[in-house]
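When the letters of the sequence shown are read in order and numbered with the working numbering, they come out as residues 183 to 348. The C-beta atom is built at its ideal place from N, Cα and C for all residues, glycine as well. Given the structure is predicted, the values throughout are model-derived calculations rather than measurements. A short worksheet on the structure shown next.
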Amino acid sequence: MAKKDKTTHVSETPATQLLRARKMPFTEHPYDYVEHGGTAESARQLGLDEHAVIKTLVMQDQDARPLIVLMHGDCKVSTKNLARQIGAKSVEPCKPEVANRHSGYLVGGTSPFGTRRDMPVYIEESVLALPRIGINGGRRGFLVQIDPRVCVDLLGARPVQCALAE
Numbered sequence: 183m184a185k186k187d188k189t190t191h192v193s194e195t196p197a198t199q200l201l202r203a204r205k206m207p208f209t210e211h212p213y214d215y216v217e218h219g220g221t222a223e224s225a226r227q228l229g230l231d232e233h234a235v236i237k238t239l240v241m242q243d244q245d246a247r248p249l250i251v252l253m254h255g256d257c258k259v260s261t262k263n264l265a266r267q268i269g270a271k272s273v274e275p276c277k278p279e280v281a282n283r284h285s286g287y288l289v290g291g292t293s294p295f296g297t298r299r300d301m302p303v304y305i306e307e308s309v310l311a312l313p314r315i316g317i318n319g320g321r322r323g324f325l326v327q328i329d330p331r332v333c334v335d336l337l338g339a340r341p342v343q344c345a346l347a348e
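Following this line, the structure appears as structure tokens:
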């Protein structure tokens with residue numbers, strides 16, 4: 183069987199449709215999805231620095247209001263620091279089925295672009311210092327590379343400082 187050509191066009195997702203409609207330049211990077219492989223696996227397969235592969239995390243505040251956090255692949259979110267910075271009493275990750283319902287994407291394929299529901303987006307401030315990031319393109323096994331400022335310009339992402347080393 184022939185090896186998959188990694189430069190082939192991936193089918194449209196709500197994320198790529200939004201990026202194209204807003205004329206935001208991006209490159210497509212399919213990889214072989216591995217269950218629970220996370221950003222370490224996508225970074226390894228694509229030859230990227232895991233610090234520049236950004237996780238899209240669907241979380242909720244104490245009132246179950248959903249929000250998105252964009253975090254370095256090799257870091258965790260300090261929910262205590264995040265809650266304090268956004269004026270919430272507490273923040274916790276959504277259960278996978280709840281995250282799927284809010285975003286319209288399957289966990290492992292969640293993109294901050296083209297979500298089913300509008301949610302506030304927070305981005306770890308140091309992500310914005312990177313020249314390019316890899317972020318989920320709207321399905322498992324598919325990253326797009328973009329300028330991180332697109333997250334601020336297109337999503338209104340607010341910078342926060344809540345990274346913890348893994």
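- In the DSSP assignment, the residues bridged to Ala-347 are Cys-257.
- Distance from the CA atom of Ile-250 to the CA atom of Pro-341, rounded to whole angstroms, is 12 angstroms.
- The secondary-structure analysis by DSSP pairs Asn-318 across a beta bridge with Leu-325.
- The Cβ neighbour count for Gly-338, taken over all protein chains shown within 10 Å, is under 16; the residue is labelled exposed.
- In this structure, Ser-193 is the residue among Ser-193, Val-259, Pro-330 and Lys-277 with its C-alpha nearest to the C-alpha of Glu-210.
- Under the three-state reduction of DSSP output, Val-216 falls in the coil class, being neither helix nor strand.
- In this structure, Gly-296 lies near Leu-200, with their beta-carbon atoms less than 8 angstroms apart.
- Between the alpha carbons of Gly-286 and Arg-298 lies a distance of about 5 angstroms.
- Pairing Gly-291 with Gly-255 gives a Cβ-Cβ distance that is not under 8 angstroms.
- By the Cβ-count criterion, Ser-272 is exposed, with fewer than 16 other Cβ atoms from all chains shown falling within 10 Å of its own Cβ.
- In this structure His-218 is exposed. Its beta-carbon is surrounded by fewer than 16 other beta-carbon atoms within 10 angstroms.
- Scanning its chain for C-beta atoms nearer than 8 angstroms, with the 5 sequence neighbours on each side dropped, one finds around Leu-346 the residues Cys-257, Lys-258, Val-259 and Ser-260, in chain order.
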